[in-house]
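**Q** One structure, as structure tokens, below. Some questions next.
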Amino acid sequence: MSTALQMPNDLDPYWMPFTANRHFKANPKLFVEAEGMYYKTQDNRQVLDATAGLWCCNAGHRRRRIVEAVQKQVETLDYAPSFQLGHPLAFEFAAKLTAMIDGYDQVFFTNSGSESVDTALKIALAYQRAIGQGTRTRLIGRERGYHGVGFGGISVGGIVNNRKTFGPLLSGTDHLPHTHSLEHNAFTRGQPEWGAHLADDLERLVALHDASTIAAVIVEPLAGSTGVLVPPQGYLKRLREICDRHGILLIFDEVITGFGRLGASFATEYFGVKPDLFTTAKGITNGVIPMGAVFARKGIYDAFMDAPDGSIELFHGYTYSGHPLAAAAGLATLEVYREDDLFQRAAGLSPYFEDALHSLADHPHVIDVRNLGMVGGVELAPISGKPTARAMEAFQKCFDRGLLIRTTGDIIAVSPPLIIENREIDFIVDTLGDVLKTVH
Ligand code: PXG
Numbered sequence: 055m056s057t058a059l060q061m062p063n064d065l066d067p068y069w070m071p072f073t074a075n076r077h078f079k080a081n082p083k084l085f086v087e088a089e090g091m092y093y094k095t096q097d098n099r100q101v102l103d104a105t106a107g108l109w110c111c112n113a114g115h116r117r118r119r120i121v122e123a124v125q126k127q128v129e130t131l132d133y134a135p136s137f138q139l140g141h142p143l144a145f146e147f148a149a150k151l152t153a154m155i156d157g158y159d160q161v162f163f164t165n166s167g168s169e170s171v172d173t174a175l176k177i178a179l180a181y182q183r184a185i186g187q188g189t190r191t192r193l194i195g196r197e198r199g200y201h202g203v204g205f206g207g208i209s210v211g212g213i214v215n216n217r218k219t220f221g222p223l224l225s226g227t228d229h230l231p232h233t234h235s236l237e238h239n240a241f242t243r244g245q246p247e248w249g250a251h252l253a254d255d256l257e258r259l260v261a262l263h264d265a266s267t268i269a270a271v272i273v274e275p276l277a278g279s280t281g282v283l284v285p286p287q288g289y290l291k292r293l294r295e296i297c298d299r300h301g302i303l304l305i306f307d308e309v310i311t312g313f314g315r316l317g318a319s320f321a322t323e324y325f326g327v328k329p330d331l332f333t334t335a336k337g338i339t340n341g342v343i344p345m346g347a348v349f350a351r352k353g354i355y356d357a358f359m360d361a362p363d364g365s366i367e368l369f370h371g372y373t374y375s376g377h378p379l380a381a382a383a384g385l386a387t388l389e390v391y392r393e394d395d396l397f398q399r400a401a402g403l404s405p406y407f408e409d410a411l412h413s414l415a416d417h418p419h420v421i422d423v424r425n426l427g428m429v430g431g432v433e434l435a436p437i438s439g440k441p442t443a444r445a446m447e448a449f450q451k452c453f454d455r456g457l458l459i460r461t462t463g464d465i466i467a468v469s470p471p472l473i474i475e476n477r478e479i480d481f482i483v484d485t486l487g488d489v490l491k492t493v494h
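With our numbering applied, the sequence shown closes on residue 494, and no number is skipped along the way.
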């Protein structure tokens, strides 16, 4: 491969997503290649990917089997219409996905996590109506929840900057409190003991709005984007019980937790709590081709199937639902996960990962370390009057030393590909540890 790597002449036309555009364009960071655990930058430096891209490349980069499957597919069938027509791989992939977990008989294909969330919310509303519960239109999310950037997702999401600029959002939403508490749970390894009672707030919302107005509750089983918020022991089970008591559907947003991140296929398997619907994206194709899928529990689909014969049962879908290249990438991705036994591998790695991360506990500025599976969070005390500045400095310094981390607020998130080796975990923690000694 050529190492004569070029900068584009003009960075201005690309309005970059969730990016400080002016800062970036004054100080660009471009990746031009990737392999396994590493990116290569435009100035020919290796950077260890401690974030699996954006939480999506769970099997590491440029896996031959996936690359070849996509190449073969694009040479065979580049696109097929998704409405009233199909192609074999989408059906094959749906069957392989539903076989991964008991009790979920259908998947609905989307192209991203945001679309998966909007799809799940819409299925929940339509399902309630289909079973004669059409007054149930309210959607409950959670503070500090991230459910992508569609209007549904930001409405049930709980991040002020994602909401405040975009008008009144969806009407008829409400929010549970988040579960993060440094006071009670700082430096917990795995799931904290304190906080299951926070699920009881759903009873308060039921008392306020009446259950007959509530269609669904959506939560991330482990909240990634807002800083690795690990669910307290018993919390998700309690949410499930309250939902059951009141005929409310429970949706897990597994866009980050799906496909091995916690050391199990899905968080629902890891926690032993079964939502009615769960969303996925990212790791479904190892990030190679955009795709998402919403899994529906047995019976949800059936509730739609007594519509008159020949009529469309659900007025929803995307031009690219089940796209041939995505389905091919997804099938190959599942083979890689299975052949490398990556979910089991993640479970096996996580104690080492946990110990390594917690060795940062006594480093400067660290006010919490938390972890579950192959996700870690290191929370820093913010610089007074300059929130996010300390974590951004750590991000830049890690990058300069060949390590890619994610930051959100003053929290550092680490979520490496599941192929990582112990010595690479050491590199992450050693580099981060050194950097923490030098940041302001
Ligand atoms: N739900 C969850 C739980 C997510 O984490 C989405 C939905 C939206 O997915 P799309 O594919 O529409 O972006 C996400 C996305 C970060 C980070 O660093 C997290 C995401 C995306 C980008 C960055 O925390 N999560």
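Positions of the beta carbon are idealized from the N, C-alpha and C atoms, including for glycine.
Judging by CA-CA distance, which residue of Gly317, Ile305, His232 and Ala261 is the nearest neighbour of proline 285?
**A** Here residue 285 corresponds to residue number 231 of the sequence shown, with the count starting at 1. The option with the nearest alpha carbon to proline 285 is His232.
**Q** Report whether the distance from the Cβ of arginine 444 to the nearest heavy atom of the ligand PXG is below 7 Å.
**A** Here the question's residue 444 lines up with position 390 in the sequence shown. No, Cβ of arginine 444 sits at least 7 Å from all heavy atoms of the ligand PXG.
**Q** Bridge partners for arginine 424 per DSSP, in chain order?
**A** Counting from one through the sequence shown, the residue named residue 424 turns up at place 370. Arginine 424 pairs with Gly431.
**Q** Give the DSSP-derived three-state secondary structure of valine 489 in the structure shown.
**A** The sequence position of residue 489 within the sequence shown is 435, counting from 1. It is helical.
**Q** Would the C-beta of glycine 167 count as close to the ligand PXG, meaning under 7 Å from any of its heavy atoms?
**A** By 1-based counting over the sequence shown, the position of residue 167 is 113. Correct: glycine 167 has its Cβ closer than 7 Å to the ligand PXG.
**Q** Nearest to threonine 461 by alpha carbon, out of Glu478, Pro436 and Leu472?
**A** Translated into the one-based positions of the sequence shown, residue 461 becomes position 407. Measuring from the Cα of threonine 461, the nearest candidate turns out to be Pro436.
**Q** Output the distance between the C-alpha atoms of threonine 152 and arginine 351, rounded to the nearest integer angstrom.
**A** Position 98 of the sequence shown, counted from the start, is the residue given in the question as residue 152. Position 297 of the sequence shown, counted from the start, is the residue given in the question as residue 351. Distance between the alpha carbons of threonine 152 and arginine 351 is about 10 Å.
**Q** Do you know how far the Cα of alanine 265 is from the Cα of glycine 301?
**A** Here residue 301 corresponds to residue number 247 of the sequence shown, with the count starting at 1. Here residue 265 corresponds to residue number 211 of the sequence shown, with the count starting at 1. Approximately 7 Å between the Cα atoms of the pair.
**Q** Measure the CB-CB distance between alanine 445 and isoleucine 465 and report whether it falls below 8 Å.
**A** Stepping through the sequence shown from its first residue, residue 445 is reached at position 391. Stepping through the sequence shown from its first residue, residue 465 is reached at position 411. Yes. Within cutoff.
**Q** Which residues in the same chain have their Cβ closer than 8 Å to the Cβ of valine 86, if we skip the five residues on either side of it in sequence?
**A** Looking up residue 86 in the sequence shown gives position 32. Here the set comprises Leu59, Lys94, Thr95 and Gln96.
**Q** For valine 171, decide whether its Cβ has a neighbour in chain D, counting only Cβ atoms nearer than 8 Å.
**A** Of the protein chains in the structure, only one exists, and it is not chain D.
**Q** Relative to the C-alpha of lysine 336, which candidate in Pro329, Met345 and Asn216 has its C-alpha closest?
**A** Here residue 336 is taken as the residue at index 282 of the sequence shown, counted from 1. It is Met345 whose Cα lies nearest to the Cα of lysine 336.
**Q** For tryptophan 69, collect the residues of the same chain with a Cβ closer than 6 Å to its Cβ; drop the 5 residues on either side in sequence, then sort them by chain order.
**A** As a working note, residue 69 is residue 15 in the sequence shown. Result list for tryptophan 69: empty, nothing under 6 Å.
**Q** Near phenylalanine 241, which residues of its chain fall below 8 Å by C-beta distance, leaving aside the five closest residues on each side in sequence?
**A** Start at 1 with the first residue of the sequence shown, and residue 241 comes out as number 187. Excluding five sequence positions before and after phenylalanine 241, the CB atoms of its chain that fall closer than 8 Å to its own CB belong to His412, Ala415, Asp422, Val423 and Arg424, given in chain order.
**Q** Is there contact between the stretch 255–262 and the stretch 150–167, where contact requires at least three CB pairs shorter than 8 Å?
**A** Short answer: they don't touch.
**Q** Determine the contact status of leucine 179 and alanine 321, defining contact as a CB-CB distance below 8 Å.
**A** Residue numbering aside, residue 179 sits at position 125 when the sequence shown is read from its first letter. Residue numbering aside, residue 321 sits at position 267 when the sequence shown is read from its first letter. It is not a contact, given that the beta carbons lie outside the stated cut-off.
**Q** Measuring from the CB of glutamate 274, is there a heavy atom of the ligand PXG at a distance below 7 Å?
**A** Position 220 of the sequence shown, counting from 1, holds the residue named residue 274. Yes, Cβ of glutamate 274 sits closer than 7 Å to a heavy atom of the ligand PXG.
**Q** Does at least one heavy atom of the ligand PXG sit under 7 Å from the Cβ of alanine 347?
**A** As a first step, residue 347 is located in the sequence shown; it is residue number 293 there, counting from the start. False, no ligand heavy atom lies under 7 Å from that Cβ.
**Q** Please look up how many angstroms separate the CB atoms of arginine 190 and glycine 226, rounded, as I've assumed it's under 8 Å.
**A** To locate residue 190, count along the sequence shown from 1; it is residue 136. To locate residue 226, count along the sequence shown from 1; it is residue 172. The pair is not a contact, with the Cβ atoms about 10 Å apart (cut-off 8 Å).
**Q** Bridge partners for histidine 229 per DSSP, in chain order?
**A** Residue 229 sits at position 175 when you count from the first residue of the sequence shown. BP columns for histidine 229 point to Gly195.
**Q** How many Å lie between arginine 76 and histidine 377 at the Cα?
**A** Here the question's residue 76 lines up with position 22 in the sequence shown. Here the question's residue 377 lines up with position 323 in the sequence shown. If you take the alpha carbons of arginine 76 and histidine 377, they lie about 35 Å apart.
**Q** Restricting to Cα atoms, I'd like to know which of Val432, Ile473 and Val489 is closest to glutamine 450.
**A** Residue mapping note: residue 450 aligns to position 396 of the sequence shown, counting from 1. The shortest C-alpha separation from glutamine 450 is found at Val489.
**Q** For the candidate residues Leu276, Glu389, Ser375 and Lys79, whose alpha-carbon lies nearest to that of serine 469?
**A** Sequence index remark: in the sequence shown, residue 469 carries index 415 (1-based). That would be Leu276, whose Cα lies nearest to the Cα of serine 469.
**Q** Pick out the complete beta strand (DSSP E) segments inside the stretch 60–137, 3 residues or longer, and give them in chain order.
**A** 85–89, 92–95 and 100–103
**Q** Helix, strand or coil, according to DSSP, for glycine 206 in the structure here?
**A** In the sequence shown, residue 206 corresponds to position 152, counting from 1. Here glycine 206 sits in helix by DSSP.
**Q** Under a three-way DSSP split, which group does leucine 316 fall into?
**A** Taking the first residue of the sequence shown as 1, we reach residue 316 at position 262. Here leucine 316 sits in coil by DSSP.
**Q** May I have the straight-line CA-CA distance separating leucine 472 from histidine 234, to the nearest angstrom?
**A** Position 418 of the sequence shown, counted from the first residue, corresponds to residue 472. Position 180 of the sequence shown, counted from the first residue, corresponds to residue 234. If you take the alpha carbons of leucine 472 and histidine 234, they lie about 26 Å apart.
**Q** Quick one, are the C-beta atoms of isoleucine 213 and arginine 196 less than 8 Å apart?
**A** Start at 1 with the first residue of the sequence shown, and residue 213 comes out as number 159. Start at 1 with the first residue of the sequence shown, and residue 196 comes out as number 142. No.
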